[in-house]
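Numbering (my numbering), first residue to last: 5 to 254.
Data first, discussion second: the structure below is written as structure tokens.
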């Protein structure tokens, strides 16, 4: 089922690239772009899926989770970035699919917590939100496994922290470094998780997260991104209690 809701236009992205503070509407546009870019790359992410179960649905689960997050904000005119981030996190939590979707929902949950009560966020605060996303994702997993989406989130947060330390940078520079670090981290996942090396692939969840941040960056660069297209889940949402590695903490 298609939707005629537009993703951010190239001009909107270029305008966002110039601002020093992101507000709620800026975040909504970034989420739109990330979701659309993830949807475009959904099958490529699915094809990498060998861990924890080789069922080829990581990309689909992450897309469904992002779509649920987007549905919470699709018509929102909220300008407070904290409130917008909490809406994203709530939508992701309620619509999380599979292991990758549940961890992704925890990433958005931590991200939102760091922006709580803030009207806007500069690159330093955005970096802190990425760090909080990392912490919440790791705490939400009983037995964290390196070489997965968790590792990529950890490396992204570390890179963002370093990027804003001791220098003033803009969002384009920050997200450039985020994407570069995510890309490098994904390429290293086979060295950390033997099953990936045996299969000759990188981690699918990590690749999905890289794709989300690439969507952010493409939006700021003013690049054309394929329009939003809703897909319908063929399977019911996976219950949190069925995910062995997830703690179920609220």
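Every residue, glycine too, gets a C-beta built ideally from N, C-alpha and C.
Is the Cβ-Cβ distance between residue 142 and residue 162 less than 9 Å? In the chain shown, counting from the first residue as 1, residue 142 sits at position 138. In the chain shown, counting from the first residue as 1, residue 162 sits at position 158. No. Outside cutoff.
Determine, for residue 207, whether the minimum Cβ-Cβ distance to residues of chain D falls below 9 Å. The structure shown has no chain D; it contains just one protein chain.
List, from N- to C-terminal side, the alpha helix (DSSP H) runs of 4 residues or more that fit wholly inside the stretch 59 to 104. 62 to 77, 85 to 99
Around the C-beta of residue 156, are 16 or more other C-beta atoms found within 10 angstroms, so that it is buried, or is it exposed? In the chain shown, counting from the first residue as 1, residue 156 sits at position 152. It counts as buried.
Residues sharing a beta bridge with residue 125, DSSP: Here residue 125 corresponds to residue number 121 of the chain shown, with the count starting at 1. Answer by DSSP bridge pairing, in chain order: 26.
Look at the Cβ atom of residue 193, then the Cβ atom of residue 151, and state whether they are nearer than 9 Å. To locate residue 193, count along the chain shown from 1; it is residue 189. To locate residue 151, count along the chain shown from 1; it is residue 147. Result yes, Cβ atoms of residue 193 and residue 151 sit closer than 9 Å.
Segment contact flag, the stretch 53 to 67 with the stretch 89 to 105, C-beta cutoff 8 Å, min 3 pairs: yes
Would you give the residue range spanned by the alpha helix (DSSP H) that residue 187 belongs to? Against the chain shown, residue 187 aligns to sequence position 183. Residue 187 -> alpha helix (DSSP H) spans 175 to 196.
Nearest to residue 88 by CA position, among 113, 181, 228, 44, is which residue? Along the chain shown, read from residue 1 onward, the residue named residue 88 stands at position 84. Comparing Cα positions, the closest option is 113.
Under 9 Å, do residue 60 and residue 107 count as touching if we go by C-beta distance? Along the chain shown, read from residue 1 onward, the residue named residue 60 stands at position 56. Along the chain shown, read from residue 1 onward, the residue named residue 107 stands at position 103. No, these two residues do not count as a Cβ contact at 9 Å.
As assigned by DSSP and simplified to three states, the class of residue 168: Locating residue 168 in the chain shown gives position 164, where the first residue counts as 1. Helix.
Could you tell me how far apart the beta carbons of residue 25 and residue 124 are, in whole angstroms, since I believe they sit closer than 8 Å? On the chain shown, residue 25 is found 21 positions in, with the first residue counted as 1. On the chain shown, residue 124 is found 120 positions in, with the first residue counted as 1. With 8 Å as the limit, residue 25 and residue 124 qualify as a contact, their Cβ atoms being about 4 Å apart.
Once the 5 residues before and after residue 94 are set aside, which same chain residues still bring their CB inside 7 Å of it? In the chain shown, counting from the first residue as 1, residue 94 sits at position 90. Around residue 94: 76.
Which stretch, first to last residue, makes up the alpha helix (DSSP H) that contains residue 52? The residue labelled residue 52 in the question sits at position 48 within the chain shown. Here residue 52 belongs to no alpha helix (DSSP H), and DSSP marks it neither H nor E.
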